[in-house]
Amino acid sequence: MQVLYSYSLSEDKNLPDFQKSLLKNVEEVDEMYIWTLNLLDEVAEYVLKDVEGIANKWIPSSTDQTFSSTKLNSNTFIESLRQNREYLEKVKRYDVDWSYDPEIVRSIFAQLKESETYLEYLQQDDRSIATEKDIIKHIFKKLILKSTDVEQAFEARFINWPVDREVLQAMIAKTFKNFSSEVPAKNQLADLTPSWIEDKDFVLDLLKLTIKYTKEYQDLISEKTKNWEADRIALIDNLLMRMAITELIHFPTIPVKVTINEYIELSKSFSTLKSSTFINGILDKILSDLTSQRRIKKEGRGLIA
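Just so you know, the UniProt record's numbering puts 163 at position 163 of the sequence shown, and the rest follows in order with no gaps.
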């Protein structure tokens with residue numbers, strides 16, 4: 001949708017450029033994911049600096065002695081991550097390095113030290129990965145996701161951060177689920193999609209076909225919105241409806257109901273307050289016409305409903 005929006009406003013109508021942009025946006029989600037995993041890694045490693053600072057004090061306090069453990073740096077989940085070949089390769093590929101803003105790592109660790117959760121972690125003896133993941137989940141959910149510094153860093157680096165944030169959270173959650181073996185080699189990073197090869201074809205085809213049939217599908221929309229002034233219909237609404245029509249006609253394995261619901265939900269996030277009702281009504285009328293014309297051809301049971 002975002003790429004189509006850019007295409008609509010651009011004087012440059014070279015489709016391959018926009019296809020590349022689309023794939024780059026998708027890859028940025030994976031890059032954001034690796035930056036986040038690396039931040040967890042860096043926070044765990046920061047304990048070494050903290051303990052070194054405690055050791056250099058002339059008279060360590062009782063509190064200092066409590067936090068003199070380097071246990072977090074050898075956290076079972078973190079150690080498994082550090083031995084993951086794919087993770088290491090992607091850190092190198094994306095040139096991930098939080099040293100450009102060391103205050104972020106220091107700040108997150110400082111907040112961690114002030115939590116009861118960290119103190120409890122230091123006191124427990126269970127080093128199984130199932131138990132050790134809990135403190136890493138705490139760092140991610142309670143500290144990283146709530147850090148304004150991290151948010152600003154991601155906003156500066158990733159243009160689609162506000163939209164991709166939920167996808168990132170899902171990928172991190174999947175990683176915690178995937179890392180369940182005590183044998184590091186058996187633990188796998190989360191995939192952006194279950195089958196990127198198929199999904200890559202889908203997103204590129206959806207973009208290409210929506211652009212190819214712009215006039216035809218816009219005419220279908222215009223026919224059902226004769227009582228609306230053209231400039232009153234949001235551009236995003238038009239784009240979403242054209243994308244939906246493209247899915248209905250050209251993607252036989254996607255159920256009709258799934259298509260309609262997905263674009264209604266997208267309108268709630270990206271368009272006006274009344275857009276979801278408007279889009280639902282117009283698509284319902286267009287779907288009725290396309291069905292009577294036998295232009296909706298779905299494969300498999302239950303895909304029409």
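The beta-carbon is built from N, C-alpha and C at its ideal position, and this holds for glycine as well.
Task: Contacts around Ser115, its chain only, beta-carbon distance under 8 Å, and the 5 residues preceding and following it disregarded - done: Position 115 of the sequence shown, counted from the first residue, corresponds to residue 115. Only His138 and Lys142 meet the Cβ criterion.
- [ ] Determine the DSSP secondary structure at Ala305, reduced to helix, strand or coil.
- [x] Residue mapping note: residue 305 aligns to position 305 of the sequence shown, counting from 1. Here Ala305 scores only 49 on pLDDT, less than 50, and its place in the model is too uncertain to base an answer on.
- [ ] Measure the alpha-carbon distance for Gly302 versus Asn261 and round it to whole angstroms.
- [x] Position 302 of the sequence shown, counted from the first residue, corresponds to residue 302. Position 261 of the sequence shown, counted from the first residue, corresponds to residue 261. Because Gly302 carries a pLDDT of 49, less than 50, the predicted location of this residue cannot be relied on, and the following value inherits that uncertainty. Computed Cα separation, rounded: 15 Å.
Task: Three-state secondary structure assigned by DSSP to Met171 - done: For this step, residue 171 is matched to residue 171 along the sequence shown. Here Met171 sits in helix by DSSP.
Open item on the list: Measuring alpha carbon to alpha carbon, tell me which residue in Lys113, Gln152, Ser147 and Ala156 is nearest Val51.
Closed with: As a position in the sequence shown, residue 51 is number 51, starting the count at 1. Ranking the options by Cα distance to Val51, first place goes to Lys113.
- [ ] Excluding the 5 residues preceding and the 5 following Ser107 in the sequence, name in chain order all residues of the same chain whose CB lies nearer than 8 Å to its CB.
- [x] Taking the first residue of the sequence shown as position 1, residue 107 is located at position 107. These residues qualify, in order along the chain: Ser147 and Asp149.
Open item on the list: Is the separation between the beta-carbon of Val29 and that of Leu206 shorter than 8 Å?
Closed with: For the purposes of this step, residue 29 is identified with residue 29 of the sequence shown, where counting begins at 1. For the purposes of this step, residue 206 is identified with residue 206 of the sequence shown, where counting begins at 1. No.
TODO: Let me know if Thr259 comes out buried or exposed under the rule of 16 or more other beta-carbons within 10 Å of its beta-carbon.
DONE: Translated into the one-based positions of the sequence shown, residue 259 becomes position 259. That one is buried.
Task: Alpha carbon of Ala305 to alpha carbon of Lys257, nearest angstrom - done: Translated into the one-based positions of the sequence shown, residue 305 becomes position 305. Translated into the one-based positions of the sequence shown, residue 257 becomes position 257. Unreliable placement is indicated for Ala305, whose pLDDT of 49 sits below 50; the coordinate value is still reported in the next sentence. Each residue's Cα considered, the two are about 6 Å apart.
Task: residue 306 in three-state terms, based on DSSP - done: A query on residue 306 cannot be resolved here, the shown segment of the chain reaching from 1 to 305 and no further.
- [ ] Spatial neighbours of Asn280 within its chain, please: CB distance less than 8 Å, with the 5 preceding and 5 following residues excluded, ordered by chain position.
- [x] For this step, residue 280 is matched to residue 280 along the sequence shown. If we look at Asn280 and ignore the five residues flanking it on each side, its Cβ neighbours are Ile260 and Ile264.
Task: Thr272 - DSSP class collapsed to helix/strand/coil - done: Numbered from its first residue, the sequence shown carries residue 272 at position 272. Here Thr272 sits in coil by DSSP.
Task: Status (buried if at least 16 other CB within 10 Å, exposed otherwise) for Val105 - done: Residue 105 sits at position 105 when you count from the first residue of the sequence shown. Buried: at least 16 other Cβ atoms inside 10 Å.
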